[in-house]
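The numbering of the sequence shown is full-length UniProt numbering, which starts it at 1 and goes up by one. A virtual CB, placed ideally from N, CA and C, is assigned to each residue, including glycine.
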Amino acid sequence: MTDVLIREATDADGPALGELIASVFAELEGKAFEAEAIPGLDRPASHYAERGGRMWVMASGEAILGALALEAHHRPNEFEIDKLYFAKETRGQGFAAALLAGAEAFAAASGGGRLSLWMDSRFEEGRAFCERHGFLRLPGVRALHDANGTLQHHYARDVAEV
Numbered sequence: 001m002t003d004v005l006i007r008e009a010t011d012a013d014g015p016a017l018g019e020l021i022a023s024v025f026a027e028l029e030g031k032a033f034e035a036e037a038i039p040g041l042d043r044p045a046s047h048y049a050e051r052g053g054r055m056w057v058m059a060s061g062e063a064i065l066g067a068l069a070l071e072a073h074h075r076p077n078e079f080e081i082d083k084l085y086f087a088k089e090t091r092g093q094g095f096a097a098a099l100l101a102g103a104e105a106f107a108a109a110s111g112g113g114r115l116s117l118w119m120d121s122r123f124e125e126g127r128a129f130c131e132r133h134g135f136l137r138l139p140g141v142r143a144l145h146d147a148n149g150t151l152q153h154h155y156a157r158d159v160a161e162v
């Protein structure tokens, strides 16, 4: 793989993030993608900073090959992973785990004791990643009532002691 850099997202990363997310959605047959329907994509760094969190990206040149966003949850001491997308060719190489470790360190330094996320039920690789990294699937599902008929599963785990 070419040289990659893991860094905090900037507001200028929005279009490249849209391309990454569109490529992930394209893997799911019949799944529509509309960049304008994704909150914060127009200014990702500011969007997550305003929510007490951050977004990190894995970049190669101008391309964004992976992203993880974290925001403070309305429950005290909890942070929610809001975005977790990686280009197909980058999966299984430890990049997502590296971004997760950074997000967990940020959560811990910010007083967080718990991480949670909602995962599209059709993202099998994402589900397996979460489970490998200690996330437990919680009861129930959430329907987004969108054009795709999206159902999401809820996952959570405690922040590791450092």
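*Please state if the CB of Gly-113 and the CB of Asn-77 are separated by a distance shorter than 8 Å.*
For the purposes of this step, residue 77 is taken as residue 77 along the sequence shown, with counting starting at 1. For the purposes of this step, residue 113 is taken as residue 113 along the sequence shown, with counting starting at 1. Yes, these two residues count as a Cβ contact at 8 Å.
_Please give the ranges of any alpha helix (DSSP H) in the UniProt domain "N-acetyltransferase" (4–158), keeping only runs that are unbroken, at least 4 residues long and fully inside the region._
14–26, 44–49, 95–109 and 124–132
_When you compare the region 15–27 with the region 85–102, are there three or more beta-carbon pairs, one atom per stretch, that lie closer than 8 Å?_
yes
*Please name the residue, chosen from Gly-102, Gly-61 and Gly-92, that lies closest to Ile-81 on a Cα-to-Cα basis.*
Along the sequence shown, one-based indexing puts residue 81 at 81. Checked all of Gly-102, Gly-61 and Gly-92; the closest Cα to Ile-81 is Gly-102.
*Touching or not, the region 45–57 and the region 139–154, by the rule of three or more beta carbon pairs under 8 Å?*
no
*Look at the alpha carbon of Gln-152 and the alpha carbon of Val-159, and state the distance between them as a whole number of angstroms.*
In the sequence shown, counting from the first residue as 1, residue 152 sits at position 152. In the sequence shown, counting from the first residue as 1, residue 159 sits at position 159. Answer to the nearest angstrom: the Cα atoms are 22 Å apart.
*By how many angstroms is the C-alpha of Glu-131 removed from the C-alpha of Arg-137?*
Start at 1 with the first residue of the sequence shown, and residue 137 comes out as number 137. Start at 1 with the first residue of the sequence shown, and residue 131 comes out as number 131. Arg-137 and Glu-131 have their C-alpha atoms roughly 8 Å apart.
*Assumed close pair Met-58, Val-24 - CB separation to whole angstroms, cut-off 8 Å*: On the sequence shown, residue 58 is found 58 positions in, with the first residue counted as 1. On the sequence shown, residue 24 is found 24 positions in, with the first residue counted as 1. The beta carbons of Met-58 and Val-24 sit about 13 Å from each other, so the pair does not count as a contact at 8 Å.
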